[in-house]
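**Student:** Taken in sequence, the protein lines are chains S, F and G. For the first sequence, position 77 (counting from the first letter as 1) is numbered 1153 according to our numbering, and the numbering increases by one without interruption. For the second sequence, position 212 (counting from the first letter as 1) is numbered 238 according to our numbering, and the numbering increases by one without interruption. For the third sequence, position 419 (counting from the first letter as 1) is numbered 423 according to our numbering, and the numbering increases by one without interruption.
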Amino acid sequence: MSCFLTNSSVGKKLVMSISGCFLVLFILFHMSMNLTVLFSREAYNLICEFLGANWYALAGTAVLAFGVAVHFIYAFILTINNYRARGKQRYAVTVQEKGVSWASKNMLVLGIIVVLGLGIHLIHFWSKMQLVEVMHSQFALGIDANGAEFTVHPANGALLMAYTFSKWYNVVIYLVWFAALWFHLTHGVWSMFQSAGFANDTWYPRLKCLANIVATLIFLGFAVVAVVCFLKSGDYIAEMVNWTPGL
Amino acid sequence: MNFTLKIWRQRDAKSQGAFETYKVTDISADTSFLEMMDILNNNLIHEGKEPVAFDHDCREGICGMCSMHINGHAHGPSQAVTTCQMYMRKFKDGSTITIEPWRSAAFPVIRDLVVDRGAYDKILQAGGFISVRTNSVPDGNAIPIPKKDADESMDAAACVGCGACAATCKNGSAMLFVAARVSSLAKLPQGRVEGARRAKAMVAKMDELGFGNCTNTGACQAQCPKSISIAHIARLNREFLAAKLQD
Amino acid sequence: MAYKLDAKTPAGELAQKWSNHKAAIKVVSPANKRKLDIIVVGTGLGGASAAASLGELGYNVKIFCISDSPRRAHSIAAQGGINAAKNYQNDNDSIYRLFYDTIKGGDYRAREANVYRLAEVSNLIIDQCVAQGVPFAREYGGLLANRSFGGAQVSRTFYARGQTGQQLLLGAYAALNKEIAAGSVKSYPRHEMLDIVIENGEACGIIARNLVTGEIERHGAHAVVIATGGYGNVFFLSTNAMASNGSAAFQCYRKGAGFANPCFTQIHPTCIPVHGTQQSKLTLMSESLRNDGRIWVPKKMEDVEAIRKGTKLPSEIAEEDRDYYLERRYPAFGNLVPRDVASRAAKERCDAGFGVNETGLAVFIDFKTAIERLGKDVIKQRYGNLFDMYEEITDVNPYEQPMQIFPAVHYTMGGIWVDYNLMTTIPGLYAIGEANFSDHGANRLGASALMQGLADGYFVLPYTIGDYLAKKIQAPKVKTDTAAFDEAEKGVRARIERLFAIKGNQSVDDIHKRLGLIMWDNVGMARTKESLEKAIVEIQALRKEFYADLKLVGDNESFNVELEKALRLEDFLELGELMARDALNREESCGGHFRSEHQTEDGEALRHDDKFAYAAVWEYKGIDNVPEMTIEPLEYEFVHRAQRNYKD
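1. From F:Met-63, F:Ala-183, F:Glu-76, F:Asp-119, pick the residue whose C-alpha is nearest to that of F:Lys-213; which is it?
2. Considering only residues of the segment 213–269 of chain G, which uninterrupted beta strand (DSSP E) runs meet the minimum length of 3 residues and lie entirely inside it, listed in chain order?
3. Would you call the CB atoms of F:Ala-176 and G:Arg-142 closer than 8 Å?
4. Residues of chain S with a CB under 7 Å from the CB of F:Asn-239: which are they?
5. Per DSSP, what kind of secondary structure is G:Glu-1 in: helix, strand or coil?
6. Residues of chain S with a CB under 8 Å from the CB of F:Glu-126: which are they?
7. Mind checking the segment 224–239 of chain F against chain S and listing, in chain order, the residues whose C-beta falls within less than 8 Å of any C-beta there?
8. Comparing the C-beta of S:Ser-1078 with each C-beta of chain F, is any distance below 8 Å?
9. Hey, how far is the Cα of F:Ser-210 from the Cα of S:Cys-1285?
10. With a cut-off of 8 Å, do at least 3 Cβ pairs link the segment 496–503 of chain G to the segment 196–216 of chain G?
11. For a quick check, are the C-beta atoms of G:Met-246 and F:Asp-56 less than 8 Å apart?
12. Using CA coordinates, which residue listed in F:Lys-40, F:Ala-205, F:Met-114, F:Arg-129 is at the minimum distance from S:Val-1169?
13. So F:Gln-105 contacts chain G; which residues on that side make the cut at Cβ distance below 7 Å?
14. Would you identify the three-state DSSP class for F:Met-27, choosing helix, strand or coil?
15. Considering only their Cβ atoms, is the gap separating G:Lys-26 from G:Tyr-467 smaller than 8 Å?
16. When we look at the beta-carbon of S:Ile-1289 and count the other beta-carbons within 10 Å, is it buried (16 or more) or exposed?
17. Between the Cα of G:Phe-563 and those of F:Leu-31, F:Arg-35, F:Met-27, spot the shortest distance and give me the residue it belongs to.
18. Can you round the beta-carbon distance between G:Ile-299 and G:Leu-340 to whole angstroms, since I take them to be within the 8 Å contact cut?
19. Using 8 Å as the cut-off, can you tell me whether the segment 407–424 of chain G makes contact with the segment 437–452 of chain G, which would need three or more C-beta pairs spanning the two stretches below that distance?
20. What do you reckon, are the CB atoms on G:Asn-361 and G:Pro-302 nearer than 8 Å?
21. By alpha-carbon positions, which one of G:Tyr-462, G:Thr-484, G:Glu-549 ends up nearest to F:Val-163?
22. Taking the continuous beta strand (DSSP E) assigned at F:Pro-164, which residues delimit it?
23. Under 8 Å between the Cβ atoms of F:Asp-233 and S:Ser-1085?
24. S:Ala-1138 and S:Gly-1193 - do their beta-carbons sit closer together than 8 Å?
25. Considering just the uninterrupted stretch of the beta strand (DSSP E) at G:Ser-191, what are its terminal residues?
26. Determine the burial state of G:Met-305: buried for a count of at least 16 other Cβ atoms within 10 Å of its Cβ, exposed for fewer.
27. For G:Leu-123, which residues from the same chain have a beta carbon less than 6 Å from its beta carbon, with the 5 sequence-adjacent residues on both sides left out?
28. How would you list, in chain order, the residues of chain F whose beta-carbon sits under 8 Å from the beta-carbon of S:Val-1176?
29. Specify, as a first and last residue, the run of the alpha helix (DSSP H) that G:Asp-525 falls within.
30. Specify the secondary structure class of G:Tyr-434 as computed by DSSP and reduced to three states.
31. Using a Cβ-Cβ cutoff of less than 8 Å, which residues in the same chain neighbour G:Ile-397 once the five nearest sequence positions on both sides are dropped?
32. Output needed for G:Asn-24: all residues of its chain with C-beta closer than 8 Å, excluding positions within five of it in sequence on either side, in chain order.
33. What's the C-alpha gap between S:Ala-1141 and S:Ile-1123?
34. Listing by chain order, which chain F residues have their CB less than 7 Å from the CB of S:Asn-1276?
35. Using a beta-carbon distance below 8 Å, is G:Gly-218 in contact with chain F?
36. If I follow the unbroken beta strand (DSSP E) through G:Tyr-618, where does it start and stop?
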């Protein structure tokens, strides 16, 4: 397929921009959804139940996976191109130019950290929730605070969350992940406007400010849930261990 | 002032290059960087050695010929100047200065610090012009152009085509150069006529010649001797994408 | 054998000459244009615009430039602007007024018909450049803006910030790119013309050296256009770019083309002074500074000494102790007198001992009054980039202390002699832009160089060359395996080998600097019989030294900048002598040529129209022989010659 989205540098960047934009929107939604857990574990599970058990949620997941894949594959294609364009002989001395953010020069590394974190996240949650449901299993396997195994309903996300974040190392891993995401987004969010052609000197400060706000909101939104779940894991587990789906 | 110079020496495109170290002494602080190079070269000639080849011409910062990567900076550590406008007072007495040629796959080394920037000419030949015949034009005042647009066009037209943007960019991207020309003509009514064709042709040529993809780091803008803004890159993106979407 | 010079100036009324001429000359049909080849050497405003226009017409054009891209040509460095008689300011400007100012500014040593044509096509240039996308400065209403320049009382200079030359060149370069893309122009960057090839008395090609590989190449064509600029670098220190040279023009002279008025050199008054022996070139500060800057030196010698020692800052000198000498001497034009007048006045003060830097060769240009009157912001808007540049170079803040300036070699009005068709004394060989001698007489007005380059390239040569090429439509492609090409190539190779064989002790720059000093001291701003005779002897001796003691490293078969420089210096060593000879012959003062023996009581240039109202055209007679001079009388049919007066 020969199309400007695959064969031109600007077109490829538009793909990065649009896929990135889509992922940011998803993350914002995911973050908002997570925040409900702080107010009501029941409500959170209701959302899980609602999202997990129907075909359009599945289609949504597929689209999401496609978005991640496109963003990821294009990132590699572009980086390989760029590496070649730089030439075989590299500079002996390089510096960080004034006004150039560290994140902007390390998007691939940050992206890889984000994807690795995503893998862990999928193992922790998605494989036990949506995947289980897709496979028509009734229950996901869980382990309670005392180390005893028990089964939980796949829509009992709040319990799974409380359980996962009861481990301090998980909290640390997730915080590192969120931090990488923060860096990635501080450049990515304004950059997607630039690549799509919607930016100018008046708007750069605004767009960069917006990027910082979005990145920080996302970081805080996710981090606060992880930290609160860690601090209150005992209460939450006790509260949700006997939850059954209402729908 | 005295300096130790670590300079890249390479006989021609096919040869292997390497750094060589030289010393220059008794340099006045008011000497320009290129005059310091002249002094070194004159010394080398008297020692029967071949002088260091470097591009330079007007020594007023306008021809765009000079092209040295000094201590990790395109054109040297001062902001918004070309190499020829660097003065030795900007360097610490007794320090070591590393001088490299532009490094980019699209700019092969011709000799020592001289590179072939013919790729930039080729990009402009692809469409960096308005197709008017000599003498077949309306009166200069026939089309009023808002001062703001003319000024913005001039901002972009200040590009001297030195290659610092592609040489600085970690991706070896020539976007700032291409954008400056596209944007300068796009801001003028007479340039709009061929706007779509121009953007498509120039981006295609840029990609074909092996330049990398812009990842919006802004390093080009930071090192540009004429401080050309990446807002022009946004305009190029817009011009290109709009043109492609109409195809 | 002396030249039989025929300027081919058309008859008729001044204003009708060009139209009459265009109607009378031959044209070449499109089918025949395709069969004809033209070589254009040099890609500045003249060369690029000519090549683009000729390519557009259908000729096969080859362009050659010594830099890595046509865009680097030194036209790019012109700052201030380009003149045109548009009368957009409604200040009673007209083609005639531009013509008159140019003739007068040139001290009545240019050809009337050529200058009138220049003024006539000036308006077309602006239209052409606007259409090409040159971002000229505009007013809020969207119309083109103008500024004032020296030697004129109207505001007719169009500009693009302080980068007018750059923008015009990028316009011409874009037109060239369009033709390169279309296949009608083929570009040879990093190529230097080393000889012109003449067969049966007509130009038929060039020998060029590929500067990257050292290969010597032959290129044939039905006509050759020289657009290689001026030869100011004979002085070593000048405002010209480092690679600017007179060699292409000089090869034409060697092969028989007449060289006219070589002594007419323009010394630009506002350059940053020389700071030491290590300096490589002089930086020009735009003439536009004289719009608001006031030029002065201290009245008292003790102040001069205090400033030199650094015990007193120039800003501490009281108003009544300052000598604003231009305002004192030329009340009507003040600081905006023509360049030659301003330069000489600065020299006069420095010769009297009032130079304000340690070398005694600098005067002040001061913005104190302007800043008080207009505020710092306005001055910053107008000259901010120049002030920044000055501070970068000198480490002095011009908002607080006056700038130091001194005159420097800038432009050469002299050049290859051409007729009204811009053809040299060799049929088929043309010279345009600064490379020819035609339009500026003995002094060029600011903002007129760009005008001439583009006028020649866009609007004159493309028509006049047809008159010659119409005779060539039956001619086959020029063969490059002829005896004439063999001989020319052999000559070039021998020249290069000879230089490598010297194996002496002095580098090219060592000798060039010495030539520069001889030229500046003896053939510079003020010349005398004695100084010129001395210069000739010294240059001849230096030339001998060059051939005996040059140290040239490297080889021909690679990228070798020293070889390029050595070849250019070899030509400068002859050109310098030619300039001195011409200056010696011209026993009068006019424009940029000032013979101290010939001045008025007030120290102004004193012309002798009865004896020297001519262009001196020199014919090469061999390296150590005296060239032969032929004169082209300059008859003034329409303008009355007067003593230039900028006082009242």
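Ideal Cβ placement from N, Cα and C applies to all residues, glycine included. Here the structure is a predicted model, which means the values were calculated and not measured.
**Tutor:** Put simply:
1. F:Ala-183
2. 220–224, 227–230
3. yes
4. Ser-1085, Lys-1088, Lys-1089, Leu-1154, Asn-1157, Asn-1158
5. No answer is possible for residue 1 of chain G: the residues shown for chain G start at 5 and end at 652.
6. Tyr-1167, Ala-1168, Val-1169
7. Val-229, Ala-230, Met-232, Asp-233, Gly-236, Phe-237, Gly-238, Asn-239
8. no
9. 28 Å
10. yes
11. no
12. F:Arg-129
13. Ordered by position in chain G, no residue passes the 7 Å Cβ test against F:Gln-105, which lies about 11 Å from the chain.
14. coil
15. yes
16. exposed
17. F:Arg-35
18. With 8 Å as the limit, G:Ile-299 and G:Leu-340 do not qualify as a contact, their Cβ atoms being about 10 Å apart.
19. yes
20. no
21. G:Tyr-462
22. Careful: F:Pro-164 lies outside any beta strand (DSSP E) and carries neither H nor E.
23. yes
24. no
25. 189–192
26. exposed
27. Reading off the sequence shown, one finds Ala at residue 123 of chain G, where the question assumed Leu. Hits under 6 Å: Ala-89, Ile-99, Leu-102, Phe-103.
28. Thr-243, Gly-244, Ala-245, Ala-248
29. 512–526
30. strand
31. Ile-276, Thr-287
32. Pro-14, Ala-15, Gly-16
33. 20 Å
34. Ala-257, Ala-260
35. no
36. 618–623
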